[in-house]
Amino acid sequence: MKKFFKILFFILLAVGVIWTFVYLFKKSKPQTAEYEIVEATLGSIEKSTIVTGQIDPRDEVSVKPQVSGIISEILKEPGQSVSEGDVIAIVKIIPDVSNLSAAESQVRVAQMNLENVEKTYQRQKTLKDKGLIATEEFEKSQLEYKQAKENLANAKDQLNIIKEGISKSSTEYSNTKIKSTITGMILDIPVKVGNSVINSNTFNDGTTIATIANMKDMIFKGKLDETEVGKITEGMTMTLTIGAMNDRKFEAVLEYIAPKGTQENGAVFFEMKARAILPDDVFVRAGYSANAEIVMDKATDAVMVPESCIVYEGDSTFVFRCTQEKMPQQFEKQPVEVGLSDGINIVVKSGLEVGDKIRGNEKLK
Numbered sequence: 015m016k017k018f019f020k021i022l023f024f025i026l027l028a029v030g031v032i033w034t035f036v037y038l039f040k041k042s043k044p045q046t047a048e049y050e051i052v053e054a055t056l057g058s059i060e061k062s063t064i065v066t067g068q069i070d071p072r073d074e075v076s077v078k079p080q081v082s083g084i085i086s087e088i089l090k091e092p093g094q095s096v097s098e099g100d101v102i103a104i105v106k107i108i109p110d111v112s113n114l115s116a117a118e119s120q121v122r123v124a125q126m127n128l129e130n131v132e133k134t135y136q137r138q139k140t141l142k143d144k145g146l147i148a149t150e151e152f153e154k155s156q157l158e159y160k161q162a163k164e165n166l167a168n169a170k171d172q173l174n175i176i177k178e179g180i181s182k183s184s185t186e187y188s189n190t191k192i193k194s195t196i197t198g199m200i201l202d203i204p205v206k207v208g209n210s211v212i213n214s215n216t217f218n219d220g221t222t223i224a225t226i227a228n229m230k231d232m233i234f235k236g237k238l239d240e241t242e243v244g245k246i247t248e249g250m251t252m253t254l255t256i257g258a259m260n261d262r263k264f265e266a267v268l269e270y271i272a273p274k275g276t277q278e279n280g281a282v283f284f285e286m287k288a289r290a291i292l293p294d295d296v297f298v299r300a301g302y303s304a305n306a307e308i309v310m311d312k313a314t315d316a317v318m319v320p321e322s323c324i325v326y327e328g329d330s331t332f333v334f335r336c337t338q339e340k341m342p343q344q345f346e347k348q349p350v351e352v353g354l355s356d357g358i359n360i361v362v363k364s365g366l367e368v369g370d371k372i373r374g375n376e377k378l379k
């Protein structure tokens, strides 16, 4: 029995030694690599960049009062369309006590002066009718009477303006009626009935009654990285994708690139503005977020191959043209001139023709 196990042991040992020598022999033999065969094709390549930003009206106008007071009535709401001259709100004047007292005193003085001049005028008229005074004397008295009446009317108007901000002789030009200065849509009315407002003057900007904009003239505002700003020019077209309307794309035309950049988190950005071309049936709200795709370079009907097939040696570029596709594969080194790349495919300007087969990536075994 012991003899049997001893013989079995030597047999297994011999098999293991033989298998080891066979395995090492196979590993020592050079293996032939097999590569994917790629064909040069005709196509188009675009190199683009995405700019994030938002859609805003080109111009937003803030309507401010010309007098200080309290909002007594608001006639419009945000979202309503208005024409130039439409009344948005009405301001009630809170008169200054000293100015009011002075104006009332001026009315009393003008009234007394009118009564005195009127008496003189009536006497002069009676004497004129009897032929006892010259016409020149009567006309002088008549002129003074008319001036006194005009002075009283002016004093009363001034008092009414201080009290209510309205002149009875020109109610259509009342400063208490806050009117729209442009035709457009009301974006916001930040005040409510009862709020105190301050007029626009040299010391402050005044209280904003409403913000109005033309919603038919919209622009895209975004920021370009300094590495990209030199590759685009004003007048270039771009494609807008609005966050609230992902299923639609719109065209825009670049109108402005800031001449000075701003630094943010270590990078320099330049503000850009583009005119959005929107159909009449599309309503875009101010402040919508959007992305703009700008095509910086484009090649059409060009010979292209995967960029991974290109071999770089210094300033030269090569591919390996396939001369025998069957195993063992054979290739020859071919210099080429390359162009635009999108990171996946690259344009071959010269050295290859459409349909040429070249070496691709090595196949995994």
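Residue numbers (this note's numbering): 15 to 379.
In this text, a Cβ means the ideal position worked out from N, Cα and C, and glycines have one as well.
Inter-residue Cα distance where the pair is residue i and residue j
{"i": "Thr255", "j": "Phe297", "result": "14 Å"}
{"i": "Ala103", "j": "Asn228", "result": "20 Å"}
{"i": "Gly328", "j": "Gly369", "result": "27 Å"}
{"i": "Asn305", "j": "Ala290", "result": "12 Å"}
{"i": "Pro342", "j": "Ser322", "result": "22 Å"}
{"i": "Ser214", "j": "Gln94", "result": "25 Å"}
{"i": "Val121", "j": "Tyr135", "result": "20 Å"}
{"i": "Phe332", "j": "Gln348", "result": "5 Å"}
{"i": "Ile358", "j": "Ala313", "result": "14 Å"}
{"i": "Glu367", "j": "Lys340", "result": "21 Å"}
{"i": "Lys245", "j": "Lys371", "result": "34 Å"}
{"i": "Val105", "j": "Ser303", "result": "36 Å"}
{"i": "Ala258", "j": "Ile64", "result": "17 Å"}
{"i": "Gln338", "j": "Ala47", "result": "14 Å"}
Identity of the residue in the options nearest residue i by Cα
{"i": "Gly365", "options": "Gly220, Ile271, Ser355, Met318", "result": "Met318"}
{"i": "Glu53", "options": "Gly357, Met341, Phe334", "result": "Phe334"}
{"i": "Lys274", "options": "Lys237, Gly257, Ala288", "result": "Lys237"}
{"i": "Ala288", "options": "Gln277, Glu265, Asp294, Asp295", "result": "Glu265"}
{"i": "Met232", "options": "Asp70, Ile59, Glu376, Ile32", "result": "Asp70"}
{"i": "Met199", "options": "Glu91, Lys347, Val325", "result": "Glu91"}
{"i": "Pro204", "options": "Phe152, Ile226, Asn215, Ile196", "result": "Ile226"}
{"i": "Gln277", "options": "Glu240, Asn359, Lys245", "result": "Glu240"}
{"i": "Leu292", "options": "Val267, Met310, Thr314, Phe283", "result": "Val267"}
{"i": "Val207", "options": "Val121, Gly301, Glu87", "result": "Glu87"}
{"i": "Glu60", "options": "Lys377, Tyr159, Leu378, Asp356", "result": "Asp356"}
{"i": "Tyr270", "options": "Ile324, Asn165, Phe284, Cys336", "result": "Phe284"}
{"i": "Asp294", "options": "Asp311, Met310, Lys230", "result": "Lys230"}
{"i": "Ile196", "options": "Ser76, Ser62, Thr66, Gln68", "result": "Ser76"}
{"i": "Arg72", "options": "Arg299, Asp311, Cys336", "result": "Arg299"}
{"i": "Tyr249", "options": "Asp261, Met310, Asn260", "result": "For clarity, residue 249 is Gly in the given sequence; the question names Tyr instead. When only C-alpha atoms are compared, the closest one is Met310."}
Cut-off 7 Å between Cβ atoms - residues of its own chain near residue i, not counting five sequence neighbours on either side
{"i": "Ser210", "result": "Ile84"}
{"i": "Met252", "result": "Ala266, Leu268, Ala288, Ala306, Glu307, Ile308"}
Cβ shell of residue i (< 6 Å), same chain only, five flanking positions each side left out
{"i": "Lys363", "result": "Glu351, Gly353"}
{"i": "Thr221", "result": "Val211, Ile212"}
{"i": "Ala272", "result": "Phe284, Glu285"}
Per-residue DSSP class, three states only, for residue i
{"i": "Asp370", "result": "coil"}
{"i": "Lys106", "result": "strand"}
{"i": "Asn359", "result": "strand"}
{"i": "Thr331", "result": "strand"}
{"i": "Lys287", "result": "strand"}
{"i": "Leu146", "result": "coil"}
{"i": "Gly257", "result": "helix"}
{"i": "Tyr159", "result": "helix"}
{"i": "Thr63", "result": "strand"}
{"i": "Met126", "result": "helix"}
{"i": "Tyr135", "result": "helix"}
{"i": "Gly30", "result": "helix"}
{"i": "Ser210", "result": "strand"}
{"i": "Thr221", "result": "coil"}
{"i": "Lys170", "result": "helix"}
{"i": "Ser86", "result": "strand"}
{"i": "Thr314", "result": "strand"}
{"i": "Tyr187", "result": "Confidence is the limiting factor: at Tyr187 the pLDDT is only 49, short of 50, which leaves the residue's position unreliable, though a coordinate-based value still follows. Tyr187 falls in the helix class under three-state DSSP."}
Other residues of its chain near residue i: CB distance less than 8 Å, five sequence neighbours each side excluded
{"i": "Lys163", "result": "Leu128"}
{"i": "Asn218", "result": "Ile212"}
{"i": "Gly99", "result": "Lys193, Ser194"}
Residue i Cβ short of 7 Å to the ligand FAD heavy atom set
{"i": "Asp294", "result": "As presented, the structure is devoid of all ligands, the ligand FAD included, so that no description of it is given."}
Would you call the region 188–200 and the region 74–88 in contact, with 3 or more CB pairs under 8 Å? yes
Three Cβ pairs or more, each shorter than 8 Å: is that satisfied between the region 128–139 and the region 155–162? yes
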